[in-house]
Amino acid sequence: MKRRRDYLLLLPAFVLSMAVVFIPGVMTIFASFTDWNGVSMNFHFIGLRNFSELFGDKIFWRAIYDNVRWVALFLTIPVVIGLLTSVLLLNRRHKGLYQMLFLFPYVLAPVTNVAVWQNIIYNPIFGLVGYLNRQGFHVPSLLSDMKTALYAVAATDIWHYWGFLMVVYLASLRQTPEDQVEAAKVEGCNGWQLFRYVYFPNMLPTFKLMMIMSVINSFLTYDYVYLMTSGGPAHSTEMLSTYAYTFAFASLQVGKAAAIALFMSFFGLIASFVYIHLSQNEIMS
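The letter at position 264 of the sequence shown is residue 417 when you use this note's numbering, and the numbering goes up by one with no holes.
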């Protein structure tokens, strides 16, 4: 009777997972082998043609390259800023106020953050870029320059994201046992040694998890890129997500968009397997 009740309690979560994750996933895999346009009920099984065409598509490889650059940016800049800020706030008074302020961009809608940056920072007339140009500093239009567009979009997303990492890191640092901290201080550890040998080993599982989540989110990034550049100029900010969107809704090639979605899932699965492997090694050690 108890086992039946347990299964009954798990049923809503199981049904939701099937409806939201499993069934759409199976449909995406099936669509990637067809020429379905997403509108009609007529589709033909075309085998690996979508994948072969993608492998010969220079823009597809450019999207992967841009995604890899995006991952590199998000595994360094927001991680360093978030970790450094969390350490500085660890023993500071009114840390809750600072957390609220730094987390504020994260809770705002992406369209709001984009509007702020496009009008206050990147606007060539009224924004910071326009001000610097009036002062004699030649600053190009960052979003329309192929060399700077990706970094300009990434800067906006990093500004939105690093506060979330800071809050997670700070919560993890605060879980460090006080007896370990006091023992290290008695042994004469300075601030750097205290962080390296006491705080960081205790927060390492959380740090690894957030690194993997950053990789997964980077390969799924869409909103800021689409809102600011739509993948341009000249595909210089093209991501797998924006390229899939173009195929699905601009050219109605849903089958090819599904094939790109599988590549996005593939990179996410690799990151997940790496995290599982690292976690297993940590448990065994």
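Idealized CB from N, CA, C, for every residue including glycine.
Straight across, the Cα-Cα distance linking Thr-395 with Met-253 is about 32 angstroms. Considered as a whole, the region 164-220 harbours 176-184, 202-208 as its complete alpha helix (DSSP H) runs of no fewer than 4 residues, in chain order. Uninterrupted beta strand (DSSP E) stretches at least 3 residues long and entirely within the region 339-414 do not occur. In this model, Phe-400 and Ile-413 are separated by some 9 angstroms (Cα to Cα). In this structure, Phe-416 lies away from Ile-182, with their beta-carbon atoms at least 9 angstroms apart.
Taking C-beta separations shorter than 6 angstroms and ignoring five residues to either side along the sequence, the partners of Gly-235 in its chain run Trp-315, Leu-318, Met-319, Tyr-322, following chain order.
In the structure shown, His-247 adopts coil according to DSSP, grouped into three states. Judged by beta-carbon spacing, Ala-172 lies beyond the 9 angstroms limit of Ala-411, meaning their Cβ atoms are not closer than that value.
Under the DSSP assignment, Leu-285 falls in the alpha helix (DSSP H) whose first and last residues are 281-287.
Under the three-state reduction of DSSP output, Val-267 falls in the helix class. DSSP, read as helix, strand or coil, puts Ile-274 in helix.
Asp-159 sits in a helix when the DSSP states are folded into three classes. Nearest C-alpha to Thr-390 among Met-299, Thr-187, Asp-210, Gln-271: Met-299. Under the three-state reduction of DSSP output, His-291 falls in the coil class, being neither helix nor strand.
Going by C-alpha positions, Asn-266 is about 42 angstroms away from Asp-332.
Taken through DSSP and simplified to helix, strand or coil, Thr-229 comes out as coil. Between the region 353-371 and the region 274-288, the count of Cβ pairs shorter than 8 angstroms is below three; the stretches do not touch. Distance from the CA of Val-378 to the CA of Met-392, rounded to the nearest whole angstrom, comes to 8 angstroms. With a 10 Å radius around the Cβ and a threshold of 16 neighbouring Cβ atoms, Ala-262 comes out exposed.
For Leu-261, no alpha helix (DSSP H) encloses it, and the DSSP letter there is neither H nor E.
Taking the Cα positions, Leu-164 is about 15 angstroms away from Val-174.
It is roughly 23 angstroms from the alpha-carbon of Leu-362 to the alpha-carbon of Asp-219.
In its chain, beyond the 5 residues on either side, Thr-238, Trp-315, Gly-316, Met-319, Val-320 have a beta carbon closer than 8 angstroms to the beta carbon of Phe-255.
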